[in-house]
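Sequence order for the protein chains is A and B.
First residue of the first sequence: 670, per this note's numbering; consecutive thereafter.
First residue of the second sequence: 670, per this note's numbering; consecutive thereafter.
Input: a single structure, listed below in structure tokens.
Number of protein chains: 2
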Amino acid sequence: MELPISGRKDKSLSAEKTEAILAGGMQEFLAHGYAATSMDRVAIAARVSKATVYSHFQDKESLFTALIRRLVEQRFRSLFNDAEAEVLHTPPEIVLRAFANRALDMGTQEPQFLNFMRIILGESGRFPQLARTFVSNVEQTSFKMLCQYFKECPYLKLADPEATARIFVGAIVHFLIVQEMLHGKDIVPMERDRLIDTLVNLIVANHQ
Amino acid sequence: MELPISGRKDKSLSAEKTEAILAGGMQEFLAHGYAATSMDRVAIAARVSKATVYSHFQDKESLFTALIRRLVEQRFRSLFNDAEAEVLHTPPEIVLRAFANRALDMGTQEPQFLNFMRIILGESGRFPQLARTFVSNVEQTSFKMLCQYFKECPYLKLADPEATARIFVGAIVHFLIVQEMLHGKDIVPMERDRLIDTLVNLIVANHQ
DNA sequence: GTCTATAGGCGGATAGAC
DNA sequence: GTCTATCCGCCTATAGAC
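Laid out in structure tokens, this is it:
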């Protein structure tokens, strides 16, 4: 009756519970925010007792920061996969459009991504270290990847690749924020492709 | 001993209390967020009793939405004053740089503006109507003003003024979010003028 | 390690005096 | 209209059995 891998009924292991608590905490914190989430509901969502939660994490703040840090460093780290070598021989319009679409798909298809961003932004005043971890892992990674492409692509000779990369990412992320996060699609409508085309044209037409 | 204008000691007026409650609520909600703010502390900050708060506002949610709506519609509505006629005869580089600097100054000099943005973004899932009010009053206003300038300026002939306006605002706002709101200045340093120059050059060099 | 049960406090909201 | 005093539920965190 022993099931060494999983599905076991005895309660002797702790790593499984830790995962369950993190999963339950993720569900609750992403849905309700930090202050409005209760440890009772985290325990229920994790299917453990509240005392078990407190035996794995010192307090509510520790659970929250451990959880968000994990999301930043693992789950939402790679907005973009590493570019393959062949992209350097692909027209920049194609590469940049794919880059933009990948980022926007994250916001529209990954169901928890918008709530994750809401937490990072909304709690950036009370949890500045989490915000910095986000900048290091997500924003900086995007800037570097795009900037490296700008520098290496033989078809592009930009005056300031670093600043251009930030403009590109900024235009895309702000579009995502206004249209999806702030529910602005019906108030300031704009086709995604129209923004991307204009953005790509600005950059491709402007290499020296 | 009557002071008809202000400073009166009797408690017969209500509009003054309403203002005091809104001011106290603004202080508390902007500092701690919606869920972490208690009506006790709002009452203390407003220097009235908690019962008085509840005689002016039905519940916590009503006070919060009334307060944020007022901030959106009055205090932070005009990121930019209406353009004067002479700007059309000023070089676009100057006008666009001034526009960008005005927006970034709001984030760095108006002390409560970042907390205001944190609330709008962080609560946009639970208070979607507040987010839409923000889009209508702040984002849409910026887009329209910049777009109108793009269309009227005799030195600029842009292929898609609407999309270009959104790229411009997006690059600026995202810069503000990463550097100031998310405390990214030391992680991904970038001079403000460097971003603005690159952005302005992209647009000015690209009119058809 | 995990549970049930509970401590102790603070939350939103209201009753009733003046 | 405004106050003081209070209700009662839920909150974080822990004690103690197993």
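Positions of the beta carbon are idealized from the N, C-alpha and C atoms, including for glycine.
Asked: Where residue 864 of chain B falls, given that 16 or more other Cβ within 10 Å makes a residue buried; Found: buried
Asked: Under 9 Å by beta carbon: chain A residues contacting residue 792 of chain B; Found: 702, 787, 791
Asked: Cβ pair residue 704 of chain B, residue 702 of chain A closer than 9 Å; Found: yes
Asked: Residue 807 of chain A versus A:729, A:740, A:734, residue with shortest Cα-Cα distance; Found: A:740
Asked: DSSP state of residue 731 of chain A mapped onto helix, strand, coil; Found: helix
Asked: Among B:696, B:738, B:789, the one whose alpha carbon lies nearest that of residue 846 of chain B; Found: B:789
Asked: Top-ranked residue by Cα proximity to residue 716 of chain B, from B:731, B:687, B:857, B:861; Found: B:687
Asked: Reduced DSSP category for residue 795 of chain B - H, G, I as helix; E, B as strand; rest coil; Found: coil
Asked: Boundaries of the alpha helix (DSSP H) in which residue 826 of chain A is found, first to last residue; Found: Neither: residue 826 of chain A is in no alpha helix (DSSP H) and is coded neither H nor E.
Asked: Same chain only: Cβ atoms within 7 Å of residue 879 of chain A, ignoring 5 sequence neighbours per side; Found: Since the first and last residues shown for chain A are 670 and 877, residue 879 of chain A lies out of range.
Asked: Proximal residues of chain B, C-beta to C-beta of residue 805 of chain A below 9 Å; Found: 853, 856, 857
Asked: Inter-residue Cα distance where the pair is residue 689 of chain B and residue 699 of chain B; Found: 15 Å
Asked: Any non-hydrogen atom of the ligand SAH within 8 Å of residue 721 of chain B CB; Found: What this structure holds is no ligand at all, so the ligand SAH is not there to describe.
Asked: CB contact below 9 Å: residue 893 of chain B versus chain A; Found: No information on residue 893 of chain B is available, as it lies outside the stretch 670 to 877 that chain B covers here.
Asked: Beta-carbon proximity list for residue 854 of chain A, same chain, < 6 Å, skipping 5 on both sides; Found: 848
Asked: Min CB distance residue 714 of chain B to chain A below 9 Å; Found: no
Asked: Completely contained alpha helix (DSSP H) runs for the region 824-876 of chain A, where each covers 4 or more residues; Found: 830-845, 861-873
Asked: Nearest-angstrom Cα separation, counted from residue 837 of chain A out to residue 756 of chain B; Found: 27 Å
Asked: Residue of A:714, A:796, A:759, A:712 minimising C-alpha distance to residue 850 of chain B; Found: A:796
Asked: Expected contact under 8 Å - CB spacing of residue 859 of chain B and residue 831 of chain A to nearest Å; Found: 7 Å
Asked: Within chain B, the residues that residue 833 of chain A reaches when beta carbons sit closer than 7 Å; Found: 867
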